[in-house]
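Some notes on the structure that comes next.
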């Protein structure tokens, strides 16, 4: 996180705000609610409290503005600049302006979510500058997050507490941190190949590894806004050029950037018994068209061509994959080997000798 | 061979506007007077690339342009 130059801050912790006008894009109650929730993001992580005023001068005056609105920072029409805010202080200090020419929304991925943008701008109103942590709320570019799943990232919690101190509570809030590829503690939720690239899922984000490009970290929601975070298993279906993702007892089938119609579906459609609540890991073998699913200390085998779960399963992982398991985070078949990711380690399993051939740190796959 | 010069001009104007909006800082005021615009621009570009974790080249490559074209907050990334 970064504090605004000169470390400006409110001298009081009881801050007032006023909503001066509304956007026609949303119901007024939805605007009120988005602003209230955005303020709670900061009051839940610091000693700050917010009280709404309906007339007179409030510390934070919130309005929707168009183009030049006489603050020396004109808006630019649709897209580009979405909003801006001023550091704590008198008069215009703390005020938040939204570009009325944007399409504002309270839910879904159409338009810009007012709650997300307001929460970011109010961070400026509290004295925070932009963070270079790509997972932080105070990162300058817009990234959609499902509002009811939003948790203030740790970087922003650290930032607001650096200005106003901690909550007067023995239990302090904690938030998600942005994964760092070369952290020795790096583990993966799920791993899959897709059209020659590799995807390593971790929390709300995934690393994309392309043979000719640098490693890149993206929000899952940037590519697939309707997918949940913390994907638990993934594999490439080579037969159909699809990526299959699992979380809980649901799965999604993706073709390129598109989630196929009718998904998510229940994993029980694939033939799993109801006792299976989640899939730990999966990989598919392009030669045989068989997909292996790992659950606890057992695995199932699915025939992608016949589209049926094979008889005789589940089997014990240790029976076929000696030295592997019982708990597997992610699995991947690559260059004739099967790679099992378990915590910070990755086991290279040789299917011919049926032995673990080498053990390395998981993030060697992220060029570390 | 020079390709698509019109588009390049548009992109360079876009890059200049972006950097002036979000990466103008006190450094600019104290930069030596003999710095020409391109040097200042390249320095700002490097700051921007560093901030966004891009490869720091000082050139507006396609990856840098893609980040610049994302919707964003209007508050500068550096300075007050």
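Protein chains in written order, with this note's numbering: chain A, 605 to 972; chain B, 9 to 88. C-beta: ideal position from N, C-alpha, C; glycine also.
A Cβ-Cβ contact shorter than 9 Å links residue 59 of chain B with residue 734 of chain A. For residue 826 of chain A, same chain residues with a beta-carbon under 7 Å away, outside a window of 5 residues either side, are 747 in chain order. The closest CA to that of residue 704 of chain A, considering only A:929, A:669 and A:939, is found on A:669. For the pair of segments examined, the stretch 781-801 of chain A was found not to touch the stretch 702-722 of chain A: the number of CB pairs separated by less than 8 Å stays below three. Secondary structure remark: continuous alpha helix (DSSP H) runs of at least 4 residues inside the stretch 608-670 of chain A, in chain order: 632-647. About 5 Å separates the CB atoms of residue 612 of chain A and residue 692 of chain A; that is less than 8 Å, so the two are in contact.
Residues of chain B whose Cβ lies closer than 8 Å to the Cβ of residue 683 of chain A are, in chain order, 79. Using a CB distance cut-off of 9 Å, residue 721 of chain A counts as an interface residue toward chain B. Using a Cβ distance threshold of 9 Å, residue 852 of chain A and residue 881 of chain A count as a contacting pair. The three-state reading of DSSP puts residue 19 of chain B in helix, counting H, G and I together.
Residue-level contact by beta carbon holds for residue 30 of chain B and chain A, with a gap shorter than 9 Å. A straight line joining the alpha-carbon of residue 67 of chain B with that of residue 52 of chain B spans about 10 Å.
For residue 803 of chain A, the enclosing beta strand (DSSP E) covers residues 801-806. About 4 Å separates the beta carbon of residue 833 of chain A from that of residue 808 of chain A, a gap short enough to meet the 8 Å contact definition. By the CB criterion at 9 Å, residue 766 of chain A and residue 607 of chain A fall inside the cutoff. Short of 8 Å from the beta carbon of residue 683 of chain A, and not among the five residues preceding or following it, lie these beta carbons of its own chain, in chain order: 706.
In this structure, DSSP gives residue 969 of chain A a helical state, which the three-state scheme calls helix. For residue 896 of chain A, the closest C-alpha among the options A:840, A:939, A:745 and A:661 is that of A:840. A straight-line Cα-Cα distance of about 20 Å links residue 949 of chain A and residue 819 of chain A. Taking a C-beta distance under 9 Å as the contact criterion, residue 810 of chain A and residue 934 of chain A do not qualify as a contact pair. In this structure, DSSP gives residue 606 of chain A a state outside helix and strand, which the three-state scheme calls coil. Neighbourhood of residue 744 of chain A in chain B, by CB distance below 7 Å: 80, 81 and 85, in chain order. Inside the stretch 708-738 of chain A, DSSP marks whole alpha helix (DSSP H) runs of 4 or more residues at positions 718-730, from first to last along the chain.
Residues of the stretch 723-735 of chain A with a Cβ closer than 8 Å to any Cβ of chain B, in chain order: 724, 725, 728, 733 and 734.
Put simply, the CB of residue 810 of chain A is far from chain B, with every gap to its CB atoms at 9 Å or more. Listed along chain B, no residue sits closer than 8 Å to residue 631 of chain A by beta-carbon distance, the nearest being about 23 Å off. Within chain A, the C-beta atoms nearer than 7 Å to that of residue 59 of chain B come from 736, in chain order.
The DSSP assignment places 921-924 as complete runs of the alpha helix (DSSP H) inside the stretch 875-938 of chain A, in order along the chain (cut-off: 4 residues). Taking the Cα positions, residue 84 of chain B is about 57 Å away from residue 924 of chain A. For residue 871 of chain A, there is no enclosing beta strand (DSSP E), since its DSSP letter is neither H nor E. Non-local C-beta neighbours of residue 857 of chain A in its own chain, meaning closer than 6 Å and more than five positions away in sequence, comprise 846, 848, 864 and 867, ordered along the chain. Contact between residue 642 of chain A and residue 777 of chain A is absent: CB atoms are separated by about 16 Å, not below the 8 Å threshold.
Contact annotation: residue 871 of chain A and residue 898 of chain A have beta-carbon atoms that are not nearer than 9 Å. The three-state reading of DSSP puts residue 686 of chain A in strand, counting E and B together. Under a criterion of Cβ atoms nearer than 8 Å, the residues of chain B adjacent to residue 716 of chain A are, in order, 79.
Closest option to residue 728 of chain A, judged by alpha-carbon separation, among A:739, A:614, A:959 and A:927: A:614.
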